[in-house]
Structures are given as structure tokens and as C-alpha cells.
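All remarks here apply to the structure that follows.
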Amino acid sequence: MPAPPLHLVQTFIAVVEHNSFARAAEALAITPSSVSRFIKMLEHHLGTQLLNRTTRAMSLTDTGQRYFSECQQALGQLRDAADRVRDEQVRPQGRLVVSAPVAFGHTHVVPHLAAFLQAWPEVQLDLRLSDGYVDLVADGIMLALRIGQMKDSSLVAHKMLENRRILVASKAYLALRGTPTTIDQLGQHACIVSAASQDGLCWRLFSQGEQRTLEPRGRVNVDNADAARRLCIDGLGIAFHSALTMAAAINAGDLVQVLPQWAGRETGLYCVRPNRRIGPAARAFIEFYSARWSIE
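As C-alpha cells, this is what we get:
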């Protein structure tokens, strides 16, 4: 059996969403009698009743409820597809608000900003670097870069990079205090404690199916990864932080990885946004940085 005409389905969706034939007619810019006729045509086409109707009330049948849920989702996908096609015809422009962790922003976002803005001269970027929790909707943030494991939420998340926490220290510190060769020896070392996340206060390390937990001890407690990285470079102890955050310092020779066979759980860098639809400027940002990071 062929699918019913789309205008019949749209009329049914409007009736249910407005809980009224009259209000649905107003929303669709047709007459109430047309709405009633279209609903009857749809029910006849499907061979089943979708709505229970009396002079005073209206309700969905069980079949109608299932049909409404599936059709509402399908129409949403059609609207999203149309929005995406229209967006592809629009050049990225306007204000784009992006949030990122402090250290990661300094090492991975800021170095490419000039090239991004040169590529898209009509975009005005508002970059906000913070290790604290940000509410995307309340703060008007269009994209947020987040390191860690994504929890279930209404946000749309796209994984852009793999990541793990690793142990790092400066060569000067290791020359002075020695290089630990076992997890147990970490207890004899100064640790840079970070309150930027729960993993910073309780180090959970994994190696070939084995897990160890360590409460780090040290003279310094900081609340963001950028400070931990700087203090680690200055030789104040061993840090346990994102490999992405520490990569630039390792590549520059400022830090070395300690106990490389041990690392934190698998996480990632995610780009999250508050809704399914994404504008041209936000899409350009994601595509640009995905390409840049893939060759770093």
C-alpha cells in the first residue's frame, strides 16, 4: 500500500499538536472543514481510526498514538534535511560562541584561529576558555569542546579526538627525584593535584586489564589543567592529565611521559551543541578544526 499523501499526515500532526481541529486549521491556513475531511481521508487510507472524537473532546487511539510519534519524528527529519540543504547555500557568517577548556584552548584552538578567521572573514568568533561547567543554553554557547566521557543529556555530541589521561613530569624533576618504575613508587613523589575534575583528585590508572587507584599527595593543588601543566614544566612534581593537553609540552621536550604503560580510561574530545540543527559558521568551525587536528 502506498504511503498517504504528505498533506494528510501534516494535518493529522497539526491536529494532535494543537489538540483542536480549529487551531490546526488556523495554523495550516485552511478551513476546519478541510481539516476534518483530511483526517477522514487519512483514516480511510490507513484502514483504521486514529482519533476518538466527540462533540466535547478528542483523544488518540492506541494506533493513533503510535502513528503520531513515528510521523512526528519523520517530519522532524524532513525539516532538518531541508534546513541542512538551505544552510549549505549560506556562507558562514555572524557571531559564533565557542567554549573550550583553558589548556586545550591555548594549545589546540588558539594556534589555528588566525587561519580559521582568514578562511571565513564574515565570522565573528567569541572564544571562551574555562575549566568550569558551562551551561550552553543559559550562556548562549553554540559549540563547546569538552574532554572526558560524555554523559547522557539533551546535548548533541560529536567525538573529534581520542584521549587518555597520562602521567607526565619534567626532565629536571626526574633528574632530582628519580623516575618511578612502578605505581607504588608514585607515593614517594610530589604530585600536582588538580581539582579540574574528579579524576584529578583520585588517579585511576589502567594497564592491560589491571586497575590501580591512587590519591595523589603534593604541595600544590590547582583548579585547571593549564596551571598544572605550567607547574609540571617548572619541576614541581608529577601530573596526571589529558594527553591532548600535555601533547605540545611533550613534543617540545618540556615534559616526558612517566610510566607509559599506565594511563587513564579511554575518553575523548567532544564537540557538543544544544540542538540537532547546526548553522554554517558552527559547521565550518567543526570541519576546519577536524581537518587541522587530524594532521597535528
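Mapping of the sequence shown onto the numbering used here: position 167 corresponds to residue 167, and the numbering continues sequentially without gaps. Even for Gly, the Cβ is constructed at its ideal location relative to N, Cα and C. Quick caveat: nothing in here was measured; it's all calculated off a predicted structure.
What's the gap between the Cα of residue i and the Cα of residue j?
i, j, result
"T107", "S59", "57 Å"
"V85", "G209", "46 Å"
"G105", "L136", "17 Å"
"R283", "R265", "29 Å"
"F68", "A157", "27 Å"
"G47", "P32", "22 Å"
"L214", "V90", "52 Å"
"T11", "R23", "11 Å"
"P92", "E162", "27 Å"
"L269", "P4", "44 Å"
"D254", "L186", "20 Å"
"L129", "S99", "6 Å"
"F116", "R177", "43 Å"
"N221", "W293", "30 Å"
"I141", "S194", "26 Å"
"R56", "A29", "23 Å"
Are residue i and residue j close, meaning C-beta to C-beta below 8 Å?
i, j, result
"G237", "Y173", "yes"
"A281", "V123", "yes"
"T182", "V258", "no"
"D139", "D223", "no"
"H45", "L75", "no"
"V16", "I39", "no"
Compare the C-alpha of residue i against each of the options and name the closest.
i, options, result
"D83", "R277, S294, A281 and M142", "R277"
"I295", "H112, L255, L8 and A81", "H112"
"M160", "R37, A291 and S20", "A291"
"A175", "R230, D234 and Y133", "D234"
"D184", "F285, L205, K171 and R164", "L205"
"A144", "V109, Q118 and A119", "V109"
"D62", "Q49, Q73 and R56", "Q49"
"V102", "F38, R229 and F116", "R229"
"D226", "Q211, A248 and E43", "A248"
"I147", "M246, F285 and A74", "M246"
"M150", "C271, S34, R56 and L127", "C271"
Tell me the residue span of the alpha helix (DSSP H) that contains residue i.
i, result
"C271", "First-last for C271: T267 to R273, but that is the beta strand (DSSP E), not the alpha helix (DSSP H)."
"W293", "P280 to S294"
"R91", "Neither: R91 is in no alpha helix (DSSP H) and is coded neither H nor E."
"K40", "P32 to L46"
"R204", "Premise fails: R204 lies in the beta strand (DSSP E), W203 to S207, not in any alpha helix (DSSP H)."
"N251", "A243 to N251"
"E210", "Per DSSP, E210 belongs to no alpha helix (DSSP H); it is in the beta strand (DSSP E), E210 to L214."
"R217", "Element bounds for R217: n/a, residue is neither H nor E."
"F229", "In the sequence on display, residue 229 carries Arg and not Phe. A225 to I233 is the span of the alpha helix (DSSP H), which, as asked, contains R229."
What residue range does the beta strand (DSSP E) around residue i cover?
i, result
"R128", "V123 to L129"
"V97", "G94 to A100"
"Q118", "No beta strand (DSSP E) holds Q118; the alpha helix (DSSP H) holding it covers L113 to A119."
"Q257", "V256 to V258"
"K151", "No beta strand (DSSP E) contains K151, which DSSP labels as neither H nor E."
"A169", "R165 to A169"
"V193", "I192 to S194"
Is residue i near the ligand ATP, judged by its Cβ being under 7 Å from some heavy atom?
i, result
"G105", "Among the components modelled here there is no ligand, and therefore nothing to report on the ligand ATP."
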